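Student: The UniProt record's numbering numbers the first residue of the sequence shown as 1 and each following residue consecutively. Each residue gets a CB set at the ideal place from its N, CA and C atoms; glycine is no exception. In this text the structure is predicted, and so the values were computed from the model without any measurement. Dropping a structure here in structure tokens format, bear with me for questions.
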Amino acid sequence: MENNTINGIHHITAIAGNAKRNHDFYTKTLGLRMVKKTVNFDDPETYHLYYGDKQGTPGTILTFFPWEGISAGRRGARQATEIGYSVPEGSLDFWLNRFEKHNVIYNKPAEKFGEQYLTFLDPDGLKLELIVSKSLDNRLPWETDEIKAENATKGFHNITITTNKIQPTADILTNVFGYKLLEQHVNRYRFVTDAVDNANIVDLVEVAGEVAGHVAGGSVHHVAFRVKNDEILMQYREKIAALGLHITEKIDRNYFYSLYFREPGGVLFEIATDNPGFAVDETVEELGTHLKLPAQYEEYRASLETTLPKLN
1 MENNTINGIH
11 HITAIAGNAK
21 RNHDFYTKTL
31 GLRMVKKTVN
41 FDDPETYHLY
51 YGDKQGTPGT
61 ILTFFPWEGI
71 SAGRRGARQA
81 TEIGYSVPEG
91 SLDFWLNRFE
101 KHNVIYNKPA
111 EKFGEQYLTF
121 LDPDGLKLEL
131 IVSKSLDNRL
141 PWETDEIKAE
151 NATKGFHNIT
161 ITTNKIQPTA
171 DILTNVFGYK
181 LLEQHVNRYR
191 FVTDAVDNAN
201 IVDLVEVAGE
211 VAGHVAGGSV
221 HHVAFRVKND
231 EILMQYREKI
241 AALGLHITEK
251 IDRNYFYSLY
261 FREPGGVLFE
271 IATDNPGFAV
281 DETVEELGTH
291 LKLPAQYEEY
301 RASLETTLPK
311 LN
């Protein structure tokens, strides 16, 4: 990992409907660890659920705002449309059988950029892919009773963004974030950073006539890119503001510090720090087992514990 660069994907945040259904799918069917159970800072009667590996390592973290009864989103342009997870070679048969057993909607395996992948939908229609990476992925997966290391997801492989015109987004990736165009197949362009070995790929799919998508249930809300610390975070703030793009002030998210801006192709990007990490208020062993509230909501704990849906 390099110190003063964008170090690939930090986390990806999406929108769900029913919280318990979301929790069961990601912890049981997919076998991710619940890393943090907290609330939406802007809407404390809604959870913010974090899933990932044992430590909650950046590059493994998928988070959700579950809003009960939200309408379904629609995939389209100006959106992050597919989330790719890295899985071990030889594991796709395991996942096909598992998806059959658990009534998960999936497509038969296919190949792109010389990598086998399996597309599936979560219960809200969020589109995900399990990808057998052609580059070495030594990340240690979280294991469950049913999903062992030889099949388990290792964290993100890539994120796919659908856009009407790739150039404005590509310019941010290459000129600001330090990505390079690695390969292209038809209208899919693969950008990669060599600052990290994994969770370092952004695919841009250019579809000139595609209607803009609608972000709601089963949609990616934003994509967060990773930096080492606050100092580097603020250097990126200057770079992005200098381009004339609106970017927020630094926001304390308890587990990382964030900036948000909408890239020219329409997708909400976040830049997030590695510090302080998820073990700041729970031990690594206990991650995800308690309801953690930002200080401003602690006085409402009793009522929130009653209002928030039960997950177990």
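Give me the Cα-Cα distance between residue 313 and Glu2, rounded to the nearest whole angstrom.
Tutor: As displayed, the chain neither begins before 1 nor continues past 312, which places residue 313 out of reach and without an answer.
Student: If we ignore side chains and look at the alpha-carbon of each, how far apart do Glu206 and Asn187 end up?
Tutor: Rounded to whole angstroms, Glu206 to Asn187 spans 5 Å at the Cα level.
Student: In the DSSP assignment, find the alpha helix (DSSP H) that holds His23 and state where it starts and stops.
Tutor: 19 to 24 is the extent of the alpha helix (DSSP H) around His23.
Student: So within the segment 185 to 261, which uninterrupted alpha helix (DSSP H) runs reach at least 4 residues, ignoring any that extend past its ends?
Tutor: Fully enclosed alpha helix (DSSP H) runs of 4 or longer: 230 to 242.
Student: Measuring alpha carbon to alpha carbon, tell me which residue in Lys250, His23, Asp43, Ile251 is nearest Val35.
Tutor: Comparing Cα-Cα distances from Val35 to each of Lys250, His23, Asp43, Ile251, the minimum goes to His23.
Student: In the DSSP assignment, find the unbroken beta strand (DSSP E) run with Gln167 in it and report its ends.
Tutor: Gln167 -> not in any beta strand (DSSP E); alpha helix (DSSP H) instead, spanning 166 to 171.
Student: Please name the residue, chosen from Glu270, Val87, Leu311, Tyr179, that lies closest to Thr289 on a Cα-to-Cα basis.
Tutor: With distances taken between Cα atoms, Thr289 lies closest to Leu311.
Student: Rank Arg98, Ala208, Ile61 by C-alpha distance to the C-alpha of Leu30 and give the top, closest one.
Tutor: Closest option to Leu30, Cα to Cα, is Arg98.
Student: What residues in its chain sit with their C-beta under 7 Å from that of residue 314, if we drop five residues either side in the sequence?
Tutor: Because residue 314 is not part of the residues shown, which for the chain are 1 to 312, the question remains open.
Student: Tell me whether Asp93 sits in a helix, a strand or coil according to DSSP, three-state version.
Tutor: In this structure, Asp93 counts as helix in the three-state DSSP scheme.
Student: Given Pro264, which residues of its chain have a CB within under 6 Å of its CB, disregarding the five upstream and five downstream residues?
Tutor: Only Pro168 meet the Cβ criterion.
Student: Please classify Ile105 as buried or exposed, where buried requires at least 16 other C-beta atoms within 10 Å of its C-beta.
Tutor: It is exposed - the Cβ of Ile105 has fewer than 16 other Cβ atoms within 10 Å.
Student: Can you determine whether any heavy atom of the ligand PLP sits closer than 8 Å to the C-beta of Ile15, and answer yes or no?
Tutor: With respect to the ligand PLP, the structure offers nothing, as it holds no ligand at all.
Student: State yes or no: is the C-beta of Val267 within less than 9 Å of the C-beta of Val223?
Tutor: Yes, they are a contact pair.
Student: Between which two residues does the beta strand (DSSP E) holding residue 315 run?
Tutor: Only positions 1 to 312 of the chain appear in the structure, and residue 315 is not among them; the question remains open.
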